[in-house]
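Heads up, the sequence shown is in the numbering used here, so the first residue is 379 and it goes up one at a time. First the structure, in the form of structure tokens, and then the observations on it.
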Amino acid sequence: MVSSNGIEIGCMVISSPPSQNEVSVFSRTRQHEGEPMATEGPQDQGVGLPPHLVSWIESVAGGTLASARRMAGGGRKQAWFIDLDVQGAAQRLFFRWDPTDLSSTGDPWTVRREAAIYEALNGSGLPVAAFVGLHPTEQALLLTCLPGEARFSRMRDEADRIAVATDFMGHLAGLHRLDPQALGLIPTDSAVTLADLVHEQIAEFDAIIETRGGAVDPVLQLAIDWLRANVPAVDGPIVVVQGDTGPGNFMYADGKVTAIVDWELAHLGDPMDDVAWVQLRSLQDPFGDLDSLFAVYAEQSGNALDAARIKYYRVLAEAKIMVMGHGVSVRSRTDGEGGGGDPGARLIFGQLHRRLCAETLADVMGVDLPQPVPFPDTAPTDDDALFDIVLGQMRDVITPKIEDSLAQQRIKGLARVLKYLAESSRHRAWVDAAELAEIDAALATQHTDVAAARDALANAVATRTIDPALALSTVYRQILRQNELLRSASGVLADRHYSPVSAR
379 MVSSNGIEIG CMVISSPPSQ NEVSVFSRTR QHEGEPMATE GPQDQGVGLP
429 PHLVSWIESV AGGTLASARR MAGGGRKQAW FIDLDVQGAA QRLFFRWDPT
479 DLSSTGDPWT VRREAAIYEA LNGSGLPVAA FVGLHPTEQA LLLTCLPGEA
529 RFSRMRDEAD RIAVATDFMG HLAGLHRLDP QALGLIPTDS AVTLADLVHE
579 QIAEFDAIIE TRGGAVDPVL QLAIDWLRAN VPAVDGPIVV VQGDTGPGNF
629 MYADGKVTAI VDWELAHLGD PMDDVAWVQL RSLQDPFGDL DSLFAVYAEQ
679 SGNALDAARI KYYRVLAEAK IMVMGHGVSV RSRTDGEGGG GDPGARLIFG
729 QLHRRLCAET LADVMGVDLP QPVPFPDTAP TDDDALFDIV LGQMRDVITP
779 KIEDSLAQQR IKGLARVLKY LAESSRHRAW VDAAELAEID AALATQHTDV
829 AAARDALANA VATRTIDPAL ALSTVYRQIL RQNELLRSAS GVLADRHYSP
879 VSAR
């Protein structure tokens, strides 16, 4: 998935110890450099997998399991390195597993769907892992390992960065040159259009929301309404879209891309869809001069860039990220086998993409969004001192003793949550009062608590009884305040925005 907090697939080079920029998450002052990402690299945690999955892996691979090591990353799904003894020879495979109940989440972006893409792309000439096996009943996929490093930000040499980024854009162009019919992904007699495929994506959003129930975030509802009303009227080409493509979702070594990874959002569609995703992921992990890289893509793919379509798919991509989080509580996201997900990363990236969705939606709607309002000065309290003490203990006493990468990721995530809670504790009363007053002004109502006001605003957006521009501006003020509460935890991500789209 979209958060760049670890690898998705590959035989990754074990990373060096965290840098000072990475450790700075334990300070409540703002991070000026670096990303809020986790230290990567496998750590042996014993087997840790259910016995029936171990038996299946051994059967498919034809060997005996030596170790199973869960990675710190893996996005929405668990990622494991599997080491086997195959007739006396060591073999490493990659195991991707989603233990969640799909009947309750309505998630269409399944491991089984991803497996079909891997099978289709085998032999295509693209650097992708080879398909080994798909579990007959579980959402579990076994793939070969490919060498490389996933975090683009770890590359310091500018010439290497340009070389790898250019190589990736060439591979993206190569993906879009593939014939989906030849890959068996579209029937030869299909009359499907790009518009049909966009409507299918929106229908997936609708189905997830219906399955999970609950009020829809006003930003998401406004985005879906706009997307439905403004589907690009364009004919072909229909290509294989990776979705969630760009830095962090490919491996590299020696100035070349060694593997393109994470195909769970892959689908058929418009090549500009993937161009928009490259922009999105570049906000998390800066990718260089996008205009130059997109020029490489346009030349090698034969697909001219279309600024209006790229903007459309930026909204679609951000809406998709918000749909993934719809109706999923913080507890359900972070509970589960193996400790669940990283609450700090989910907090930060959830805010980032909610804000970006509002901003890119305002761009296409022609809405002038409000500017941030400074928080009032507040005197430090004993609670502030206690937060600082706890963060300091985590940084100086606990973290240096941790060698396991997953535990390192989680302790940093918890530190980010504490930093947010410290800011929230100090400013929450003012933040809620401001939001309550703004919603009541927009709806001409008088609520006594902010939760009821939020529900009323969500209902007004859902029933189309409020002007969309007014609704978006009202919600965006709340987003700006949340951005400030999360600023010290988010670091540089708090100030990342989409750049203008240049058509070539």
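Ideal Cβ positions, reconstructed from N, Cα and C, are used throughout, including at glycine.
- DSSP three-state assignment for Val510, whether helix, strand or coil: Correct three-state label for Val510: strand.
- Item | Completely contained alpha helix (DSSP H) runs for the segment 556 to 596, where each covers 4 or more residues | 572 to 590
- So which of Gln856, His805, Arg687, Ser670 has the shortest CA-CA distance to Ile817? Gln856
- Message: Quick check: the Cα distance between Pro525 and Asp648, rounded to an integer number of angstroms?
- Response: So the alpha carbons of these two residues sit roughly 30 Å apart.
- Where does Gly412 fall in DSSP's three states? Residue placement at Gly412 is poorly supported in this model, since its pLDDT is 34, which falls under 50; the coordinates still yield a value, given next. Three-state DSSP puts Gly412 in coil, outside helix and strand.
- Task: Determine the extent of the alpha helix (DSSP H) in which Gln729 is found, giving its start and end residues.
- Result: From DSSP, the alpha helix (DSSP H) with Gln729 extends over 721 to 743.
- Query: What's the C-alpha gap between Glu386 and Ser433?
  - Reply: Residue placement at Glu386 is flagged as unreliable, the pLDDT there being 36, under the threshold of 50; the coordinate-derived value follows with that caveat. Taking the straight line joining both Cα atoms gives about 23 Å.
- If you scan the segment 645 to 700 from start to end, which runs of the beta strand (DSSP E) of 3 or more residues do you find wholly inside it? 645 to 647
- Presumed contact (8 Å Cβ cut-off) between Ala637 and Val506, rounded CB distance: 6 Å
- Query: Which residue spans inside the segment 814 to 858 form an unbroken alpha helix (DSSP H) run of at least 4?
  - Reply: 828 to 840
- Task: Check Gln423 in the structure and name its three-state DSSP category.
- Result: Because Gln423 sits at a pLDDT of 42, beneath the cut-off of 50, its placement in the model cannot be relied upon, and the following sentence gives the value as read from the coordinates. Of the three classes helix, strand and coil, the one that applies to Gln423 here is coil, per DSSP.
- Item | Alpha carbon of Ala763 to alpha carbon of Asn608, nearest angstrom | 51 Å
- Can you tell me the Cβ-Cβ gap for Leu561 and Ala644, rounded? I've got them flagged as a contact below 8 Å. No, Leu561 and Ala644 are not in contact; Cβ-Cβ is about 11 Å, not under 8 Å.
- Message: Taking a contact to mean a Cβ-Cβ separation below 8 Å, would you say Ala439 touches Leu471 in this structure?
- Response: yes
- Would you mind reading off the limits of the alpha helix (DSSP H) that contains Thr483? 480 to 483
- Item | Given Leu462 as reference, the closest of Pro721, Arg692, Asp476, Ser445 once Cα atoms are compared | Ser445
- Applying the criterion that 16 or more other CB atoms from any shown protein chain within 10 Å of the CB defines a buried residue, is Glu588 buried or exposed? The residue in question, Glu588, is exposed, as its Cβ has fewer than 16 Cβ neighbours within 10 Å.
- Message: Nearest by alpha-carbon distance to Gly680: which of Thr843, Gly552, Leu646 is it?
- Response: Gly552
- Query: Is it true that the CB of Leu556 sits closer than 8 Å to the CB of Val618?
  - Reply: yes
- Item | Where Pro778 falls, given that 16 or more other Cβ within 10 Å makes a residue buried | exposed
- Task: Assign Leu784 to one of three DSSP states: helix, strand, or coil.
- Result: helix
- Would a check of beta-carbon distances place Gly562 closer than 8 Å to chain B? Absent from the structure: chain B. Only one protein chain is present.
- Hey, out of Leu598, Val489, Phe473, whose CA is closest to Met449's CA? Phe473
- Item | Secondary structure of Trp475, DSSP reduced to three states | DSSP places Trp475 in strand when its eight states are reduced to three.
- Message: At the level of alpha carbons, what is the spacing between Asp684 and Asn627?
- Response: 24 Å
- CB contact flag (Val742, Val701, <8 Å): No, the pair does not count as a contact, with Cβ atoms beyond the cut-off.
- Pick from Ser437, Arg687, Ala457: whose alpha carbon is nearest that of Gly719? Ala457
- Query: Shortest alpha-carbon distance to Pro615 belongs to which of Leu521, His430, Ala682?
  - Reply: Ala682
- Item | Rounded Cβ spacing between Ile580 and Gly484 (contact assumed at less than 8 Å) | Rounded, the Cβ-Cβ distance is 14 Å, inconsistent with contact.
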